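K.L.:
Residue numbers for the sequence shown follow full-length UniProt numbering, so the first one is 1 and each next one is one higher. Below are the structure tokens for one structure; questions will follow.
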Amino acid sequence: MSSDVKNITEKTAKSSIDPIYDTNWCDMPAEIKSVCIGKMKFKERLSLRCTAKAERSLVHIQKIEFDDGRFWGYNKKLLVKLYSDDKRDFLKEVDKNYAFELLNYIKNVGVFKNLFFYVGNSFADYKQFTSDCGLFTAKKIEFELCNFEEVVAVLRKMENGVESIKMNYCRIVSDELAGILKISHVQNASYWHIKDYNKTDSLHMVAQMWTDENSKVGSNLQVSSLGDGSFGEFLEHFDDHIVSKSEKRVRIRTNNPDCHILLERGLDEIVQIDDSPQFFRLQVISAEMLESEYDDDCREWICKMNPYIYDSDDSSEQSDDVSDFEDNDDILHVYDSDDND
């Protein structure tokens, strides 16, 4: 017994010679470094990654959660803003040469609630972006003024689990939409919207994809269309599948006897049938759903795409777009941030 006490005493004395707060970072064991890195904010981790190459692998395996990640591309530069707990954690403007490296690091370590991309024509090297390892992890993703290549490049670099996809003012044509519909994230998203689509084929293309993929009840697409004819084109495409139709709605059968698809036009005292844009909602519903269960109030779902169409304060509160929280003052004063030092 006395020998055991002696051994413990000697070990305690030896461990007290070099207390942890006197130990150099390079002498710390990897598990202690990992704990320290896990408590660092993104900017601190990025600095450690850039200055201590030996610790890159430790920095890369530590995930960090964000509420929002926002990426603006302009003049071959990229502005990155990352938010946690409704506060900005990181603001950085980088040129194209460093943009892909920064994006790939963020992609590997970030776990996002929302991702927002507005990259314009700033990045043409999609091959470099798509060939790099790692995937974005996010529940919701939003694109604004992006072209087909940019949308596809980002969607193909997403982990499974994307619940919501929003495309605002994106320059997408029919053949490109068909390509987007082949992406699994689009097929499996519970909510998807296309704002200001300038063709008339989106409704029947998505409904056909849902039918082919046997999409689950609750799948939801919303479209604002600048062209006239989407409703009629849908009726023509599914003429043999129509269960019921009216000026405002059409319901069709699918290959699954348990599921129907319901198309609704956004029409009320404010939004009229001849207005532009025209608003549509497409849903996979239970075949048992009664017409009395339909939602006659289109205001709420229209406001998800255009919160200002009713020109009232309360309607703007119904939009959950990432871009609605954009703090434009940061863009105008980007160099005021010490992140650019």
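Cβ atoms here follow ideal geometry from the backbone N, Cα and C, with glycine treated the same way. Since the structure is predicted, the reported quantities are computational estimates derived from the model, not experimental observations.
For Lys107 and Leu135, I'd like the C-alpha separation in whole angstroms.
P.N.:
Translated into positions along the sequence shown, residue 107 becomes position 107. Translated into positions along the sequence shown, residue 135 becomes position 135. When rounded, the distance between both Cα atoms is 6 angstroms.
K.L.:
Short of 6 angstroms in beta carbon distance, which residues of its chain neighbour Gln187, apart from the five on each side in sequence? Order them along the chain.
P.N.:
Taking the sequence shown and counting its residues from 1, the one referred to as residue 187 is at position 187. Closer than 6 angstroms at the Cβ level, and outside the excluded window around Gln187, lie Glu213.
K.L.:
Alpha carbons only, please: which of Phe231, Phe279 and Leu145 is nearest the one belonging to Arg251?
P.N.:
Counting from one through the sequence shown, the residue named residue 251 turns up at place 251. Comparing Cα-Cα distances from Arg251 to each of Phe231, Phe279 and Leu145, the minimum goes to Phe231.
K.L.:
Tell me which residues share the same chain as Phe143 and place their Cβ nearer than 6 angstroms to its Cβ, disregarding the 5 neighbours each side in the sequence.
P.N.:
To locate residue 143, count along the sequence shown from 1; it is residue 143. Only Phe117, Val151, Met167 and Cys170 meet the Cβ criterion.
K.L.:
In or out: Asn114 buried (at least 16 other Cβ within 10 Å) or exposed?
P.N.:
As a position in the sequence shown, residue 114 is number 114, starting the count at 1. Classification for Asn114: buried.
K.L.:
Take Asp268 and list the residues in its own chain whose beta-carbon comes closer than 7 angstroms to its own, dropping the five residues that flank it on each side.
P.N.:
Position 268 of the sequence shown holds residue 268. For Asp268, where only same-chain residues beyond five positions count, the Cβ hits under 7 angstroms are Cys298 and Arg299.
K.L.:
Spatial neighbours of Ser215 within its chain, please: CB distance less than 6 angstroms, with the 5 preceding and 5 following residues excluded, ordered by chain position.
P.N.:
Along the sequence shown, one-based indexing puts residue 215 at 215. Hits under 6 angstroms: Val284.
K.L.:
Could you have a look at Ile8 and say whether DSSP puts it in helix, strand or coil?
P.N.:
For the purposes of this step, residue 8 is taken as the residue at position 8 of the sequence shown. Bear in mind that the predicted position of Ile8 carries a pLDDT of just 39, short of 50, making it unreliable; the figure below should be weighed with that in mind. In this structure, Ile8 counts as helix in the three-state DSSP scheme.
K.L.:
So Val276 and Asp258 are supposed to be a Cβ contact under 8 angstroms. How far apart are they, rounded?
P.N.:
Your numbering for residue 276 matches position 276 in the sequence shown. Your numbering for residue 258 matches position 258 in the sequence shown. The residue asked about is misnamed: residue 276 is Ser in this sequence, not Val. So it is not a contact: roughly 37 angstroms between Cβ atoms.
K.L.:
List the DSSP bridge partners of His260.
P.N.:
Here residue 260 refers to the residue found at position 260 when the sequence shown is read from its first residue. Arg253 and Ile285.
K.L.:
In chain order, what residues of the same chain lie with their CB nearer than 7 angstroms to the CB of Phe27, ignoring the 5 residues before and after it?
P.N.:
The residue you call residue 27 lines up with position 27 of the sequence shown. Sequence inspection shows Asp at residue 27; the Phe mentioned does not correspond to that position. Contacts found: none.
K.L.:
Using the Cα positions of Val173 and Glu291, report the straight-line distance between them to the nearest angstrom.
P.N.:
Along the sequence shown, read from residue 1 onward, the residue named residue 173 stands at position 173. Along the sequence shown, read from residue 1 onward, the residue named residue 291 stands at position 291. In a straight line, the C-alpha of Val173 is about 34 angstroms away from that of Glu291.
K.L.:
Hey, Leu48 and Val59: beta-carbon distance below 7 angstroms or not?
P.N.:
Along the sequence shown, one-based indexing puts residue 48 at 48. Along the sequence shown, one-based indexing puts residue 59 at 59. Yes, they are a contact pair.
K.L.:
When we look at the beta-carbon of Tyr197 and count the other beta-carbons within 10 Å, is it buried (16 or more) or exposed?
P.N.:
Your numbering for residue 197 matches position 197 in the sequence shown. By the neighbour-count rule (16 or more Cβ atoms within 10 Å), Tyr197 is buried.
K.L.:
Answer yes or no: do Ser184 and Ile194 have a C-beta to C-beta separation smaller than 7 angstroms?
P.N.:
Translated into positions along the sequence shown, residue 184 becomes position 184. Translated into positions along the sequence shown, residue 194 becomes position 194. No, they are not a contact pair.
K.L.:
Name the residue from Tyr98, Glu233, Glu288 and Lys304 whose alpha carbon lies nearest to the alpha carbon of Trp192.
P.N.:
As a first step, residue 192 is located in the sequence shown; it is residue number 192 there, counting from the start. The shortest Cα separation from Trp192 among Tyr98, Glu233, Glu288 and Lys304 belongs to Lys304.
K.L.:
Is it true that the CB of Asp89 sits closer than 7 angstroms to the CB of Phe42?
P.N.:
For the purposes of this step, residue 42 is taken as residue 42 along the sequence shown, with counting starting at 1. For the purposes of this step, residue 89 is taken as residue 89 along the sequence shown, with counting starting at 1. Closer than 7 angstroms, so yes.
K.L.:
Grab the span of the alpha helix (DSSP H) containing Met28 for me, first residue to last.
P.N.:
Here residue 28 corresponds to residue number 28 of the sequence shown, with the count starting at 1. Note, Met28: premise wrong, no alpha helix (DSSP H); not H, not E.
K.L.:
Work out the CA separation of Asp295 and Met289 for me, nearest whole Å.
P.N.:
By one-based count along the sequence shown, residue 289 stands at place 289. By one-based count along the sequence shown, residue 295 stands at place 295. Roughly 12 angstroms between the two C-alpha positions.
K.L.:
So the beta strand (DSSP E) Ser164 belongs to, where does it begin and stop?
P.N.:
To locate residue 164, count along the sequence shown from 1; it is residue 164. Note, Ser164: beta strand (DSSP E), Ser164 to Asn168.
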